[in-house]
C-alpha cells in the first residue's frame, strides 16, 4: 500500500474497501448532472438507453433519424435516448457530541462508525465516477467539501473525514445543516446523512421532507450504539447528557422497558416520516459491519431501480 | 410484654442506619449518554410510581429490621393463667423444695409434709419433656442449689429429689429465689418457670419479693404440700440458764419459754427437764392461745463444770421442736477486791467509781464478776483469800502486814492490778513484786499536750477479742504517768507502750500469780482512758486474766445452719468438733496455724456440740468447755399455721399470678421474613419486567 493509498483510504479499513469494491450504488430517482455518467438523467440525450420516438423537426440531428421507421411508415421519426449523467452526492455527517458515544459492547464510537460508512460510500461513488462532497455538521457550521468526481479528490475527502472531531457541547444544528445541504447539493442530488437522530425534532422532519420534495435522493443512516437500543445498564446512575441539558438519575432496571419501547417508537416514527417523504432510512447499529450495511443499502437500491 | 434479651433492642439503632442509607445524598455514578432527553421524559412519567416504590421499600426494610430485632429480643406476652403456660418451646424449671424444719410436720398416715412435697416435685418433673432442663434448690437456710445449674438429664434431678431430706433449718426463701433467678439467667432456654413446693407456712411470705420483674417472663407457681390447716403446734422456744447467788452453791435457774401456736389455750402442758442424761424435774404450765408461757426450774449441781441438758414437752405434729437443748457451765463468779486509796463512794472523782462501773457490767457468755470496794484500812483487817484479783486503785501506801498478805496472795496463783492515784505516789511496800522501779511522775500538761499510745502487745490474751482498732485504745491520751525504770533482775513485759518507749501497762509474773501495773490513773485525772470504749473490756479482761479465768464463759448458742467461729489458741495443733450425732469435724494443724479463729459450718442438727483440741505440751485431745456451743432450731419454724386464704390470695396469688409468657418472637420472625420477601419483590420488580421484555 502506497502512502498515497493510505491517505486516500483515510478512516476506512482496507477490508471494508475490499468488501465494498464491487458495490454499485444507484440513485432512487433520476438525477440532474452536467457530465455523462451511469445514472439516468431527467433529460434525454446520448445514450444507449432508448427512450421514445418523436417526429422529426427541422434542426434535429439527422443522425438520429430512425431509418427503419421511415421505411415502414414513410414518416420521419427521430430516436430519443435517455441521457445518463454523473451523480452529485453530498455526504452529511453528524458531528454533534452525542456521536462520540461508543457504548460498552463495541470498540468504536458512532462518529467513527459513520466515518467508515461514509468513507466507504465515497469510495464506491468515486469509483463509479460520481461526484462526492462532504458536509459535516454540528451545532456550529463546519467547513464542507463540494462534490467532485475526480479520483484525486478522494484523499482530501478522506482526510477531512478522518480529521472530524465530535463537538464538545451544544446541539446538532440539523435544520441549518439541511439548509446548507440544499444550497450546496444543487438540483436532484443524492444526499446521504449519517446521524443518530437524537434531538431531531419536528422541524428536522419538515426540513428533510422539504429537501426530498426538491427532488433530492435523501438517505438517512441511523447510526446507534447497541447500548442506545438495549439500555443494558444495571446500576442506578445519573445519565448525563452529551449535548448539555444536565443529567437524570434513574434506576435502569425500572426504565429499561419504557426506554426500549421509546427507541422503537422513535425508529417507527422516522421510518414513517422518511417513507412519506420518499426518503430512505437505513439502520446502522455500530455492532453491525459497515460494509454489510452498505451492501444492504446498495442491494436495496438496485432492487428499487429494477422495479422502476 | 416482656423481653428475654432486652439488650438486643439496641439493634433498633439499625433502623436509623437504614434511614440514613436510604435518605443520604447518593454519590452518583455518572454515565454520559446521548438519549438523556428521552430518559428524562420516561423518568418524569414514572416518578410518582418510583416514589411510592421507594417508600414501600424503605418501609419494608424498616419493618423487617424492627421485626427481626424484636424477635431476637425474645419478646413475650405476660399472661396470667393458673397452671402456667406451656408452649412447644423448651422450658427450664427450677424446683424450690422447702426442706425447712416445718416440713417435718406429720399429717394423716404419719407422712411428713416433706414426703408429700417431694412427691409433688416429682410430679412436676414428670411433666417436663425431653429437651427441658430442671434444677433443684433446697430452701432451708442457707438456700442451696443441689447442682450448680439446670440439668437436661432429668434423671439426675429425680435422683436429687430422692436423696433430699428434711432439715432442721429455718426457711431462706429470699436466698432460694435469688439462686433460682441466677440459674434461670444462666439458662439459654426460652421458657422459664419456678415452682415452689412448700407447706405454705405463714411466716415464709414475710419480706418475700420476687427477684425478677413481671416483665422478665418467669413463670412462678406455688404448690402447697399441706392441703389442710395443720393441728396446733406447741414448741419449746427458748431455754435460759443462769446461776443463782454468787455461784458458790452451784445452783442455777433454768428458764423455759413454751409457745402455743394454736388458737386454743392449753392447760397443764407437761414440761420435763433433763440434765446430763437424767430427768431431774418435771412440771406443767398453762399456755394461752397464740401465746407463750414461762416455766422455771431450779437445780443445784453437785459439781462445777459443763453440763448438758434438754427440755422436752409432749409430742405433737412437729416433734422436733418439742425438745430444746442447752449447756450450762457451772462456775462461781469472779470475786474482785478493789482497795480504794481515795475512798469516796459514788464520786466520779474516785478511781474506784470508773473501775466498779466497768467490772459490774455483765457481758454475754462471760462468767460474771462480783467486785467489792474497800478502803485501805478495811482491807487490812479483812480476809483476802476469797478473792481472785485485787485492784489497788490510787493507794499510796499500805501497812507492811497487808503488803505481805498481798504478796502472798499473788504468789498463790492470784492477780494484782496496781494503778496510781493522782498524787503520783507508789506503793513502796510492794516494791518487791512491782514490774519496775517507780522513779518519778512525768507530765505533759505544762506543754499543753499529752502522750499517746505507741504500741500494744496484740498477742496478749487481754486483747484477743479486741478488733483491729482496739476499740479506741490506741487513741488514748495520757497527760501524766509514772516513770518506771526497768529492774534488770526482774523479767517483765510491756503490754501497752507510750510514744517515747515509756510503758503504760506492765506485767510481771510473781510466783504463780501475775502483777500488772498501770502507770496512769484509773479515773480521768491523768488520762482519758476511762472514757474510751476499750476501757471496759480492758479492765474486765485484765481481771479475768489475772484470775486465770479468761476462758470461763457460758456456752454459746447458734441457730441450725448458721456458722460459728471457734477461737484458736496459739500453738493449737488440732481441733475436733463433735456434733450431737457423734459425727466429728476435724480442723488440722495447717488450718489452724496463724489463725485466731476457724469457722464451723456443720451446725445442722440441734443439740450440744463439744470441742476438743490438741494443745502444745499436751499429748492427747483436751476438751475445751469454753468452746462448747449449742445449736437450736429457729422458733419461727414452729409456727405451722398455713397462710390464711384471703392472705394467700393477696400475697401468694400476687406472686403466683405471673405464670408464664406467651412467646411472640416466632411470629415476629415470620413477619421479618415476609417483609424481606416483599422488599426483595419490590426491588426486583423492574428487573423482572425488563427481562420479560428482552
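Residue numbers (the working numbering), protein chains in the order written: chain W, 875 to 1182; chain S, 23 to 716.
No residue lacks a Cβ here, since even glycine has one placed at the ideal position from N, Cα and C.
With H, G and I counted as helix, E and B as strand and the rest as coil, what does DSSP make of residue i?
i	result
residue 595/S	coil
residue 44/S	helix
residue 503/S	strand
residue 152/S	strand
residue 701/S	helix
residue 631/S	strand
residue 94/S	helix
residue 1173/W	helix
residue 375/S	helix
residue 349/S	strand
residue 60/S	helix
residue 403/S	helix
residue 385/S	coil
residue 1050/W	helix
residue 529/S	strand
residue 1095/W	strand
residue 472/S	coil
residue 157/S	strand
residue 1163/W	coil
Find the residues of chain S that neighbour residue i, judging by a C-beta separation of less than 8 Å, and give them in chain order.
i	result
residue 1114/W	52, 53, 54, 55, 58
residue 986/W	Within chain S, no residue comes near residue 986/W; the closest Cβ sits about 15 Å away, beyond 8 Å.
residue 975/W	54, 55, 56
residue 1069/W	What residue 1069/W touches in chain S: nothing, since even the nearest Cβ is about 11 Å away.
residue 1141/W	By Cβ distance, chain S contributes nothing, its closest Cβ being about 12 Å from residue 1141/W, past 8 Å.
residue 1081/W	The premise fails here: residue 1081/W is roughly 19 Å from chain S at the closest Cβ pair, so nothing lies under 8 Å.
residue 1159/W	None at all; the shortest Cβ gap to chain S is about 14 Å.
residue 1107/W	53
Using a Cβ-based criterion (distance less than 7 Å to any ligand heavy atom), does residue i qualify as near the ligand GDP?
i	result
residue 637/S	Looking for the ligand GDP in the displayed structure turns up nothing, as the structure carries no ligands at all.
If you draw a straight line from the C-alpha of residue i to the C-alpha of residue j, how long is it?
i	j	result
residue 242/S	residue 328/S	50 Å
residue 78/S	residue 43/S	15 Å
residue 985/W	residue 1006/W	19 Å
residue 988/W	residue 1171/W	14 Å
residue 893/W	residue 998/W	10 Å
residue 1143/W	residue 977/W	24 Å
residue 1163/W	residue 1110/W	31 Å
residue 697/S	residue 89/S	9 Å
residue 333/S	residue 275/S	13 Å
residue 129/S	residue 112/S	36 Å
residue 544/S	residue 374/S	8 Å
residue 907/W	residue 1004/W	Low local confidence applies: a pLDDT of 49 at residue 907/W is under 50, so the model's placement there is unreliable, with the coordinate-based value given in what follows. When rounded, the distance between both Cα atoms is 10 Å.
residue 439/S	residue 538/S	5 Å
residue 916/W	residue 1063/W	Caution applies to residue 916/W, whose pLDDT of 45 falls short of 50 and renders its modelled position unreliable; the value that the coordinates give is listed next. Going by the C-alpha atoms only, they are around 12 Å apart.
residue 193/S	residue 180/S	22 Å
residue 262/S	residue 653/S	13 Å
residue 247/S	residue 553/S	58 Å
residue 394/S	residue 432/S	18 Å
Could you please give me the residues that DSSP links to residue i through a beta bridge?
i	result
residue 606/S	600/S
residue 1019/W	1008/W
residue 54/S	1114/W
residue 554/S	Answer is none; residue 554/S lacks a bridge partner.
residue 867/W	In this structure chain W extends from 875 to 1182, so residue 867/W is not present and cannot be described.
At 9 Å on the CB atoms, spell out the chain S contacts of residue i, in chain order.
i	result
residue 1047/W	Here the premise fails: no neighbours, minimum Cβ distance about 15 Å.
residue 1144/W	In chain order: nothing, as chain S lies at least about 14 Å away.
residue 1119/W	58, 59, 62
residue 968/W	Those within 9 Å of residue 968/W in chain S number zero; the least Cβ separation is about 11 Å.
Report the neighbours of residue i on chain S: residues whose CB is nearer than 7 Å to its CB, in chain order.
i	result
residue 972/W	56
residue 1136/W	60, 64
At a CB-CB cut-off below 8 Å, which residues of chain C make contact with residue i?
i	result
residue 1111/W	In the structure shown, chain C does not exist; the protein chains are W and S.
Handout entry: Short-range partners of chain W found in the segment 59-82 of chain S, where Cβ spacing is below 9 Å
Key = 59, 60, 61, 62, 63, 64, 65, 66, 67, 68, 71, 72, 75
Exercise for the section: With 7 Å as the C-beta to C-beta threshold (strictly closer), list the residues of the segment 1085-1104 of chain W near chain S in chain order. Expected result: 1102
Exercise for the section: Identify each residue in the segment 1122-1134 of chain W for which the Cβ-Cβ distance to at least one residue of chain S is less than 9 Å, and report them in chain order. Expected result: Of all residues in the segment 1122-1134 of chain W, 1122, 1123, 1124, 1125, 1126, 1127, 1128, 1129, 1130, 1131, 1132, 1133, 1134 have a Cβ within less than 9 Å of some Cβ in chain S.
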